[in-house]
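Undergrad: I'd like to ask you about the structure that follows.
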Amino acid sequence: MTVPARTQVAIIGAGPAGLLLGQLLQLRGIDTVILEAKSPDYVLGRIRAGVLEEITVRKLREAGCGDRLAREGLVHHGTGIAFGGSLHRIDIQGLTCGKVVTVYGQTEVTRDLMHARESIGAQTVYEAQDVQLHDLTGTTPSVSWGTRHTLHCDFIAGCDGFHGVSRASIPKDSIRSFERVYPFGWLGVMADVPSLPELVYAHHERGFALCSLRSPTRSRYYVQVPLTDTVDQWSDARFWDELLQRVDPLTASRIVTGPSIEKSIAPLRSFVAEPLRYHRLFLAGDAAHIVPPTGAKGLNLAASDVHYLSEGFISHYRERCDLALDGYSQRALARIWKAERFSWWMTQLLHTFPDQDSFAPRLQQAELQYLISSETAQRLLAENYVGLPT
Ligand code: FAS
Ligand code: PHB
30 MTVPARTQVA IIGAGPAGLL LGQLLQLRGI DTVILEAKSP DYVLGRIRAG
80 VLEEITVRKL REAGCGDRLA REGLVHHGTG IAFGGSLHRI DIQGLTCGKV
130 VTVYGQTEVT RDLMHARESI GAQTVYEAQD VQLHDLTGTT PSVSWGTRHT
180 LHCDFIAGCD GFHGVSRASI PKDSIRSFER VYPFGWLGVM ADVPSLPELV
230 YAHHERGFAL CSLRSPTRSR YYVQVPLTDT VDQWSDARFW DELLQRVDPL
280 TASRIVTGPS IEKSIAPLRS FVAEPLRYHR LFLAGDAAHI VPPTGAKGLN
330 LAASDVHYLS EGFISHYRER CDLALDGYSQ RALARIWKAE RFSWWMTQLL
380 HTFPDQDSFA PRLQQAELQY LISSETAQRL LAENYVGLPT
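In my numbering, the protein residues as written are 30 to 419.
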C-alpha cells in the first residue's frame with residue numbers, strides 16, 4: 030500500500046492511544062496515517078494493562094470496537110484489599126452508585142483497534158524506522174521515516190509512548206517534566222490457570238502483590254521486586270511461593286498455580302510532561318505521562334487524552350473552531366494529575382519502601398485500617414478506581 034504524500038493528522042505510535050485516536054478521527058471523516066516503529070506482532074506481544082474504566086469502554090464502542098469487548102470483557106463490581114492476614118472487599122459498584130470496571134487485556138484492546146482500522150482501509154505503516162518530526166512551528170509540519178519517506182500533514186499526534194520521538198522533538202525550554210521514580214519494580218506472570226473472581230491488591234511486609242486476570246481461565250499475577258532483580262532469578266516455583274506468602278490465607282487457598290506463559294519485570298514511575306502541545310504537535314498517552322500500574326490508570330488515561338484530543342481535531346475540521354484544540358493540554362492535564370495522585374496514593378499505601386524509617390509502616394497500617402473501617406475512605410478509593418469524570 031503506497032503512503033500518500035499528505036494527510037490531515039499524522040499519528041506516531043500504534044499502541045492503544047494512537048489506534049484509538051486514528052479510529053475516532055477516521056470515523057468522523059478526518060484522514061490519518063499512523064507510523065509505528067515495530068511490527069503488529071511485536072505490539073500485540075507486549076503484556077500491559079488489564080482493567081478498563083467506563084470512559085475507556087465507551088470510547089472503544091464509539092471506535093467500533095465494542096462487540097468482542099461486550100462478549101468477552103468481564104465486568105467487575107468490587108475489588109479486594111488484603112493485609113494483616115485478612116481480605117477486605119471494596120464494593121466498587123455500591124460506593125459509586127453503580128459504576129463498574131471491565132477486565133479486558135490491553136492486548137485484546139489493541140487487536141480490536143488494529144482490526145477496526147484495517148476494516149475501514151485506514152493506513153498504518155509498521156516497522157517505520159527512524160521517524161523524525163519536522164517544521165512543528167509552521168503550518169505544514171511533516172514526518173519522515175526510513176531513507177526516503179516524507180508525509181506532510183496539518184497536525185502530528187505523538188502517541189509513541191514514554192521512550193518515543195515525539196516528546197523528544199520538543200525543545201527543552203518549551204516543555205517541563207515532573208517525575209518520581211519508585212525504588213522497586215513489578216514482576217508479572219501470566220498463566221493459563223483458573224483466575225480469582227475479583228482482583229486482590231495485597232500489602233505485606235515482604236512486598237506488594239496483585240492477583241488479576243485476563244479471563245476465567247487466564248490469570249495475571251504480580252509481586253513487587255527490587256529494581257536489581259532479573260526475570261531469570263525468578264523460577265515459577267519461586268514466584269508462586271512468594272505470591273502465596275504475600276496474600277491472605279483465603280486468597281492463597283483459591284490460587285491455582287501452574288506454568289508461566291509470560292514473565293516480565295516493569296519499573297514503576299510517575300511522570301508528567303507539561304504542556305501537552307508544542308505548536309502543531311500534540312502528546313497523548315504514555316508519551317505525555319506515566320503512572321505506576323497500581324491504580325490501573327495508564328491505559329485509561331491514554332483513552333481520556335484521546336477523548337479530549339479527538340474532540341479538538343473534530344471541532345477544528347468540522348466546525349472550524351479551535352477552542353477545544355487550544356484547550357486540550359489544560360483539560361487533559363487536569364484529569365492526568367488526579368490519576369497521578371491516585372496511582373501514587375495506591376502505590377505508597379500498598380508497597381514496602383526500602384530504607385523507609387520506622388514511622389512509615391505504622392502510617393501504612395493506620396491508613397489501611399482507616400480504609401477498611403470508613404465508608405468515606407472506601408468511596409474515595411472506589412470513585413478514583415472506576416475513573417473520575419472526563
Ligand atoms: P504505548 O507505549 O502502548 O504505545 C506507543 C507505541 O509507539 C508503541 O507501539 C511503540 O512501539 C511506538 N513507538 C515508540 N517510539 C516510536 C517511534 N520513534 N516511532 C514510531 N513508533 C514509536 N497500564 C495499566 O493500566 N495497567 C498495567 O498493568 C500496566 N502495565 C504496564 C507494563 C509495562 C511494562 C508498561 C511499559 C506499561 C504498562 N501500563 C499499564 C501502562 C500501559 O498500559 C500504557 O498506559 C499504555 O500502553 C499507553 O498506551 P500508549 O500511550 O498508546 O503507549
Ligand atoms: C493487570 O491485570 O495487568 C492489572 C490490573 C490492575 C492493576 C494493574 C495491572 O492495577
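From the three backbone atoms N, C-alpha and C, an ideal C-beta is built for every residue, glycine too.
Hey, which residues come within less than 5 Å of the ligand PHB, measuring from Cβ to any heavy atom, in chain order?
TA: Cβ-based neighbours of the ligand PHB within the cut-off: 79, 80, 241, 249, 322 and 325.
Undergrad: How is residue 65 classed by DSSP in three states: helix, strand or coil?
TA: Locating residue 65 in the sequence shown gives position 36, counting from the first residue. If DSSP states are grouped into helix, strand and coil, residue 65 belongs with coil.
Undergrad: When the Cα atoms are used, what is the spatial distance from residue 139 to residue 48?
TA: For the purposes of this step, residue 139 is taken as the residue at position 110 of the sequence shown. For the purposes of this step, residue 48 is taken as the residue at position 19 of the sequence shown. C-alpha separation (whole angstroms): 7 Å.
Undergrad: Straight-line CA distance for residue 383 to residue 212?
TA: As a working mapping, residue 383 is identified with position 354 in the sequence shown. As a working mapping, residue 212 is identified with position 183 in the sequence shown. Approximately 7 Å between the Cα atoms of the pair.
Undergrad: For the stretch 216 to 261, which segments carrying the beta strand (DSSP E) assignment without a break, of at least 3 residues, lie completely within its bounds, in sequence order?
TA: As far as the stretch 216 to 261 is concerned, its whole beta strand (DSSP E) runs of at least 3 residues are 229 to 231, 238 to 244 and 247 to 254.
Undergrad: Determine the contact status of residue 80 and residue 104, defining contact as a CB-CB distance below 9 Å.
TA: The count along the sequence shown starts at 1 and reaches residue 80 at position 51. The count along the sequence shown starts at 1 and reaches residue 104 at position 75. No. Outside cutoff.
Undergrad: Return helix, strand or coil for residue 287, following the three-state DSSP convention.
TA: Along the sequence shown, one-based indexing puts residue 287 at 258. Residue 287 falls in the coil class under three-state DSSP.
Undergrad: Taking the beta strand (DSSP E) that residue 174 belongs to, which residues open and close that run?
TA: Taking the sequence shown and counting its residues from 1, the one referred to as residue 174 is at position 145. 171 to 174 is the span of the beta strand (DSSP E), which, as asked, contains residue 174.
Undergrad: Can you find a C-beta in chain D that's less than 9 Å from the C-beta of residue 218?
TA: No chain D is present in this structure, which holds just one protein chain.
Undergrad: Do residue 127 and residue 347 have their C-beta atoms closer together than 9 Å?
TA: By one-based count along the sequence shown, residue 127 stands at place 98. By one-based count along the sequence shown, residue 347 stands at place 318. Not in contact: residue 127 and residue 347 (Cβ atoms no closer than 9 Å).
Undergrad: Tell me where the beta strand (DSSP E) around residue 115 begins and ends.
TA: For the purposes of this step, residue 115 is identified with residue 86 of the sequence shown, where counting begins at 1. Residue 115 -> beta strand (DSSP E) spans 115 to 119.
Undergrad: Taking the alpha-carbon positions, what's the residue 413 to residue 373 distance?
TA: Here residue 413 corresponds to residue number 384 of the sequence shown, with the count starting at 1. Here residue 373 corresponds to residue number 344 of the sequence shown, with the count starting at 1. Roughly 12 Å separates the two Cα atoms.
Undergrad: Could you work out which residue in 108, 82 and 100 is closest to residue 228 when comparing CA atoms only?
TA: The residue given as residue 228 occupies position 199 in the sequence shown. Looking at the Cα atoms, 108 is the closest of the given residues.
Undergrad: For a test of your reading of the model: does the CB of residue 192 fall under 8 Å from any non-hydrogen atom of the ligand FAS? Yes or no.
TA: Within the sequence shown, numbered from 1, the residue matching residue 192 stands at position 163. Yes; taking the cut-off as 8 Å, the Cβ of residue 192 has a heavy atom of the ligand FAS nearer than that.
Undergrad: Nearest CA to the CA of residue 133: which residue from 353, 262 and 244?
TA: Here the question's residue 133 lines up with position 104 in the sequence shown. The residue with the shortest Cα to Cα distance from residue 133 is 244.
Undergrad: Can the beta-carbon of residue 32 be found closer than 9 Å to that of residue 180?
TA: Reading the sequence shown from its first residue, position 3 is the one you call residue 32. Reading the sequence shown from its first residue, position 151 is the one you call residue 180. Yes; because the gap between Cβ atoms is below 9 Å, this pair is in contact.
Undergrad: Given a cut-off of 9 Å on the beta-carbon distance, is the pair residue 237 and residue 379 in contact?
TA: Numbered from 1 along the sequence shown, position 208 holds the residue referred to as residue 237. Numbered from 1 along the sequence shown, position 350 holds the residue referred to as residue 379. Going by C-beta atoms, residue 237 is nearer than 9 Å to residue 379.
Undergrad: Which one of 154, 294 and 337 has the shortest CA to CA distance from residue 365?
TA: Translated into positions along the sequence shown, residue 365 becomes position 336. Cα-wise, what sits closest to residue 365 is 337.
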